[in-house]
Amino acid sequence: MKKIIYLFIIPLCVFTSSCTMMVKGIAKLVVKDYNDYTHTNVSNIQLVDAKGSTQTFGDLYNGKTVYLYVWDSKELTAEQEQSFQSLKQRFAKYPDVVFANLYLGSDTVANANKLASNASSNEFKEIVKVSDPAPFIIGKDGSILAYKGPKPNDKIVVDYVLYQARTGENGTKAAKRLIRGVDRNEQFKSDQLVDWYTNHFGKVPGDKLSFSLSSTN
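Quick note: the sequence shown uses this note's numbering, first residue -15, plus one each step.
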């Protein structure tokens, strides 16, 4: 339903002198569900790797912020894989951030975990039902911080939300701060955001910020 609503709203910008506020309003609609299930802790779910070894999420990723990419088709597309790898490269300098794949199908996939059959894992599988590959950001204590959060190709948004997750901030709160921090000239309002961008991407923001924001059903 979300995607249908957006298709009707976005063209209205063509007929307005300034659509900045409208676009920001739409963006806030996209990110408002990131904090669904933020009271859910996944530390006890059991994961099975390609070799058949089983460990709990908590044992594998204790003290780490995890960008967990979940899908139920056999493989990610080349574009999805490329953007995922690019995101990993940008975060390689943060040792407290790790990236993981979770495949919900029945086959074994290299470099991806599957859910084992236990109560916590089965409950999590009901929560993460996806029609498209979807990312979940898990905090250092095992709590879900972003439910079906920003995708790897949502540059700037995904980087900021994942960066803030390192401090335990949920995805909706972080994304809304970022959205509010962009002015009508498509520039950052605050020195804090300029400094974050400069330090994270290794360059100062351009004359106009360019970033995308997508949703997952």
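Ideal Cβ placement from N, Cα and C applies to all residues, glycine included. Bear in mind the structure is a predicted one, so any value in this text is a computation, not a measurement.
Boundaries of the alpha helix (DSSP H) around Y144: V141 to A149.
Straight across, the Cα-Cα distance linking Q39 with F172 is about 43 angstroms.
Collapsing the DSSP output to three states places F75 in coil.
For K98, the three-state secondary structure derived from DSSP is strand. As summarised for the segment 38 to 72, the continuous beta strand (DSSP E) elements at least 3 residues long and confined to that stretch are 38 to 40 and 49 to 55, given in chain order. Put simply, the segment 12 to 28 does not touch the segment 74 to 81. Fewer than three CB pairs are less than 8 angstroms apart.
Within the same chain, and ignoring the five residues on either side of S198 in sequence, the residues whose Cβ sits closer than 7 angstroms to its Cβ are K135 and D138.
Contact annotation: K124 and K72 have beta-carbon atoms that are not nearer than 8 angstroms.
For A84, the enclosing beta strand (DSSP E) begins and ends at V81 to Y87. V141 and F195 do touch by the CB rule: their CB atoms are close to 6 angstroms apart, below 8 angstroms. H184 and D143 have their C-alpha atoms roughly 8 angstroms apart. N183 sits in a helix when the DSSP states are folded into three classes. The secondary-structure analysis by DSSP pairs A158 with nothing; it has no beta-bridge partner. Nearest to N102 by C-alpha distance, out of W55, I29, D116 and I10, is I29. Burial is judged here by how many other beta carbons sit within 10 angstroms of a residue's own beta carbon; V188 has fewer than 16 and is exposed. Under the three-state reduction of DSSP output, I121 falls in the strand class. For Q30, the beta-bridge partners assigned by DSSP are T40. Burial of S105 is indicated by the presence of at least 16 other C-beta atoms within 10 angstroms of its C-beta. Using a 10 angstroms sphere on the CB of G190, the tally of other CB atoms stays under 16, which defines it as exposed. Membership of L193 in any beta strand (DSSP E) is not indicated, and neither H nor E is assigned to it by DSSP.
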